[in-house]
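Those protein sequence lines, which keep their order, are chains A and B.
Residue numbering for the first sequence follows our numbering, beginning at 24 and increasing consecutively.
Residue numbering for the second sequence follows our numbering, beginning at 2 and increasing consecutively.
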Amino acid sequence: MSMPYWRAAGMTYVGYANACAVLVRKCMKEPFKSQTATRERVHFKLSQWLDGVPQQPIVRTSDDGGGGGGGGVGKK
Amino acid sequence: MASGSARPGSMRLAKLLYGNVNSYLSSGAAGINGGGAVWGSTTGLSSAELAPFGARSASGQIVRNRMKSVKSIQKITKAMKMVAASKLRNIQVKAENSRGLWQPFTALLGDAPATKVDKKLIVTISSDKGLCGGINSSVVKYSRALFRLNGLDGPDKDVKYVIVGEKGKAQLQRDSKKLIGMYFGETQKSSICFTQCSMMADEIIKSNEYDAIQMVYNKFNSVVSFQPTVATMLSPQLLLGDQEVTGDLDAYEIEGSDTKEEVLQNLSEFQFACTMYNAMLENATSEMGARMSAMENSTRNASDMLDRLTLTYNRSRQASITTELIEIISGAAALEG
């Protein structure tokens with residue numbers, strides 16, 4: 024079965040769509056660019072639980088740079 | 002609602018009092034003569050607030066302090082109500098606009114809440130902050146019911162909770178600690194946007210295997226009514242087995258070399274992200290609405306309380322003035338006579 028290159032790299036469709044959206048937003052001109060910048064701001068904390076014990080929480084945030092909302096998607 | 006949130010506080014106070022009385026009894030040293038000081042510590046008031054025996058204004062002072070605290074609590078609840086109301090307006094527009102995202106999916110893929118599968122994720126969406134009525138306990142109740150329903154089908158079902166929000170976690174970890182798979186917090190620090198929700202959906206898809214996801218959230222109806230809602234999303238494998246869905250897809254021409262399986266996988270992932278976005282917004286809107294009405298109730302309760310306290314205070318003040326006047330007049334009359 025042929026696979027799209029992004030799925031072969033372990034991305035999901037939403038991750039791919041997010042990365043594309045970030046690129047499109049980067050191409051916009053000024054009044055729109057700053058308007059849409061708020062749509063990339065992300066902040067949340069997640070932790071996996073194993074047998075009732077929470078593991079080390081991971082914070083995903085766009086405040087520390089990382090190239091906007093799409094930046095955090097691929098890493099782990 | 003307000004009394005519900007006040008209950009743990011009064012319980013704590015009762016425990017504190019109980020502890021104080023006990024320590025007094027066990028030390029047993031103070032005796033009856035030191036009664037004033039001990040009484041002061043057991044009621045949680047400093048002894049300075051209790052005037053010596055026979056002083057007129059002792060109870061008046063206490064009531065006045067109490068009135069002051071009730072008044073400031075009322076101010077706080079009023080401010081919280083205002084904040085919730087202004088936040089509600091913004092987020093309600095966003096939530097209503099986002100409904101258009103999941104509706105086409107439900108039209109195409111259908112919503113099958115009764116699906117029986119082996120691996121299920123229950124995504125419980127709750128709030129991070131409290132003081133918002135019963136919205137969090139209702140989603141938790143629905144999640145538990147869904148879990149039990151799944152358990153009826155057989156013992157070998159694999160069901161996990163994915164929790165969004167601090168309050169849902171606090172309630173679910175009490176009895177279903179081992180069933181929690183993932184937890185998301187601090188989701189409302191920056192305003193909810195699609196990027197964030199799709200990133201969360203991405204994390205859930207990547208780190209869990211599932212046949213179906215059931216998302217439980219409060220759907221916003223009006224400021225006073227929220228409907229706990231369950232949205233069901235099936236995995237691409239299950240969708241592929243569904244004749245109705247695949248039949249519908251046959252009507253479309255698929256661009257490129259994508260197979261129907263790939264299209265369905267993409268669709269189901271995108272459906273999950275969209276439903277997540279809508280659910281987060283609906284739940285946040287419900288939270289604001291619930292907080293608004295809860296705070297309105299507690300403001301009203303505080304003003305009732307203040308009225309009663311004012312009445313008691315004025316009555317006792319009047320009574321003591323009258324008594325003093327009578328004493329003076331009768332004293333003067335006795336001297337003259």
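Where is the CB? At the ideal position from N, CA and C, for every residue including glycine.
| task | Report the residue ranges of all alpha helix (DSSP H) runs contained in full by the segment 151-209 of chain B; include only those spanning at least 4 residues, in chain order. | result | If we require 4 residues or more, the alpha helix (DSSP H) runs fully inside the segment 151-209 of chain B come out as 167-176, 195-208.
| Can you tell me whether DSSP reads residue 140(B) as helix, strand or coil? | As a working mapping, residue 140(B) is identified with position 139 in the second sequence. Judged by DSSP in its simplified three-state form, residue 140(B) adopts helix.
| query | For the segment 155-169 of chain B, which residues have a beta carbon sitting closer than 8 Å to at least one beta carbon of chain A? | reply | Interface annotation for the segment 155-169 of chain B against chain A: empty, criterion Cβ-Cβ distance under 8 Å.
| message | Within a Cβ cutoff of 7 Å, which residues of the same chain sit near residue 233(B), ignoring the five residues on either side of it in sequence? | response | The residue given as residue 233(B) occupies position 232 in the second sequence. Hits under 7 Å: 112, 113, 114, 116, 213, 215.
| message | Taking only three categories from DSSP, how would you classify residue 124(B)? | response | As a position in the second sequence, residue 124(B) is number 123, starting the count at 1. Residue state, collapsed to three classes: strand.
| field | Collapsed DSSP secondary structure at residue 79(A) in the structure displayed | value | Position 56 of the first sequence, counted from the first residue, corresponds to residue 79(A). In the structure shown, residue 79(A) sits in coil (DSSP, three-state: anything other than H, G, I, E or B).
| query | Taking 8 Å as the CB-CB limit, is residue 267(B) close to chain A? | reply | As a first step, residue 267(B) must be located in the second sequence, where it is residue number 266. Yes, its Cβ sits closer than 8 Å to a Cβ of chain A.
| query | residue 125(B): buried (16+ other C-beta within 10 angstroms of its C-beta) or exposed? | reply | As a working note, residue 125(B) is residue 124 in the second sequence. It counts as buried.
| query | residue 37(A) CB to nearest chain B CB: under 8 Å? | reply | Taking the first sequence and counting its residues from 1, one reaches residue 37(A) at position 14. It does: the Cβ of residue 37(A) has a partner Cβ on chain B nearer than 8 Å.
| message | Which residues of the segment 182-207 of chain B have a Cβ closer than 8 Å to any Cβ of chain A? Give them in chain order. | response | Along the segment 182-207 of chain B, the positions whose C-beta sits under 8 Å from a C-beta of chain A are 182, 183, 184, 185, 186, 187, 188, 190, 191, 192, 194, 195, 196, 197, 199, 200, 201, 202, 203, 204, 206, 207, read in chain order.
| field | DSSP-derived helix/strand/coil call for residue 255(B) | value | Looking up residue 255(B) in the second sequence gives position 254. Coil.
| query | What in chain C is Cβ-close to residue 69(A), meaning under 8 Å? | reply | Note that chain C does not occur in the displayed structure, where the protein chains are A and B.
| field | Cβ-based contacts, 7 Å cut-off: residues of the segment 267-288 of chain B near chain A | value | The segment 267-288 of chain B vs chain A, Cβ under 7 Å: 267, 270, 271, 274.
| request: Decide yes or no for the touch test of the segment 93-106 of chain B against the segment 267-284 of chain B: beta carbon pairs closer than 8 Å, at least 3 of them. | output: Taking a contact to require three or more Cβ pairs closer than 8 Å, the segment 93-106 of chain B and the segment 267-284 of chain B qualify as touching.
| To which residues of the same chain is residue 140(B) closer than 7 Å at the C-beta, ignoring the five residues directly before and after it? | In the second sequence, the residue the question calls residue 140(B) occupies position 139. Counting only Cβ-Cβ distances below 7 Å, and skipping sequence neighbours, we find 125, 126, 127, 169, 217, 218, 219, 229.
| message | Can you find the residues in the same chain that come closer than 6 Å, C-beta to C-beta, to residue 86(B), ignoring five residues on each side of it along the sequence? | response | On the second sequence, residue 86(B) is found 85 positions in, with the first residue counted as 1. If we look at residue 86(B) and ignore the five residues flanking it on each side, its Cβ neighbours are 293.
| query | What residue range is occupied by the uninterrupted beta strand (DSSP E) comprising residue 73(A)? | reply | The residue labelled residue 73(A) in the question sits at position 50 within the first sequence. Looking at the DSSP string, the run of the beta strand (DSSP E) that includes residue 73(A) is 66-73.
| Can you give the Cα-Cα distance for residue 134(B) and residue 227(B), rounded to whole angstroms? | For this step, residue 134(B) is matched to residue 133 along the second sequence. For this step, residue 227(B) is matched to residue 226 along the second sequence. C-alpha separation (whole angstroms): 11 Å.
| query | Run through DSSP, which three-state label would residue 218(B) get? | reply | Here residue 218(B) corresponds to residue number 217 of the second sequence, with the count starting at 1. Strand.
| task | Check the Cβ-Cβ distances between residue 178(B) and every residue of chain A, and say whether any is below 8 Å. | result | Position 177 of the second sequence, counting from 1, holds the residue named residue 178(B). With respect to chain A, the C-beta atom of residue 178(B) has a partner C-beta closer than 8 Å.
| request: Using a Cβ-Cβ cut-off of 8 Å, state whether residue 29(A) counts as contacting chain B. | output: Walking along the first sequence from the start, residue 29(A) turns up at place 6. Answer no: the Cβ-Cβ gap between residue 29(A) and chain B never drops below 8 Å.
| Excluding sequence positions up to five away, which residues of its chain have a Cβ less than 8 Å from the Cβ of residue 206(B)? | The residue labelled residue 206(B) in the question sits at position 205 within the second sequence. Taking residue 206(B) as the centre and dropping the five residues before and after it, the same chain places the C-beta of 270, 273 closer than 8 Å to its C-beta, in chain order.
| query | So which residues of chain B does residue 60(A) contact, with C-beta pairs closer than 9 Å? | reply | The count along the first sequence starts at 1 and reaches residue 60(A) at position 37. The premise fails here: residue 60(A) is roughly 11 Å from chain B at the closest Cβ pair, so nothing lies under 9 Å.
| Under the criterion of a Cβ to heavy atom distance below 7 Å, does residue 289(B) qualify as lining the ligand NAP? | The ligand NAP is not among the ligands present in this structure, which contains no ligands whatsoever.
| request: Answer with buried or exposed for residue 297(B), where buried requires no fewer than 16 other C-beta atoms within 10 angstroms of its C-beta. | output: Residue mapping note: residue 297(B) aligns to position 296 of the second sequence, counting from 1. With at least 16 other beta carbons inside 10 angstroms of its own, residue 297(B) counts as buried.
| task | Determine the direct distance from the alpha carbon of residue 45(A) to that of residue 189(B), and round the result to whole angstroms. | result | Here residue 189(B) corresponds to residue number 188 of the second sequence, with the count starting at 1. Here residue 45(A) corresponds to residue number 22 of the first sequence, with the count starting at 1. Linking residue 189(B) to residue 45(A) through their CA atoms gives a straight-line distance of about 21 Å.
| Alpha carbon of residue 43(B) to alpha carbon of residue 68(B), nearest angstrom | For the purposes of this step, residue 43(B) is identified with residue 42 of the second sequence, where counting begins at 1. For the purposes of this step, residue 68(B) is identified with residue 67 of the second sequence, where counting begins at 1. The predicted model places residue 43(B) with a pLDDT of 43, which falls under 50 and marks its position as unreliable, so this point remains unresolved.
| query | Does residue 77(A) have its Cβ less than 8 Å from a Cβ in chain B? | reply | Position 54 of the first sequence, counted from the first residue, corresponds to residue 77(A). Closer than 8 Å: yes.
| message | Give me the subset of the segment 39-58 of chain A whose CB atoms are less than 9 Å from a CB atom of chain B, sorted by chain position. | response | Listed in sequence order: 39, 40, 41, 44, 45.
| message | Give me the DSSP bridge partner(s) of residue 229(B). | response | Residue 229(B) sits at position 228 when you count from the first residue of the second sequence. In the DSSP assignment, residue 229(B) forms a beta bridge with 219(B).
| query | How is residue 234(B) classed by DSSP in three states: helix, strand or coil? | reply | Translated into positions along the second sequence, residue 234(B) becomes position 233. Here residue 234(B) sits in strand by DSSP.
| request: Return the bridge partner residues of residue 247(B) from the DSSP annotation. | output: Numbered from its first residue, the second sequence carries residue 247(B) at position 246. Residue pairing of residue 247(B) in beta bridges, as defined by DSSP: absent, with no partner found.
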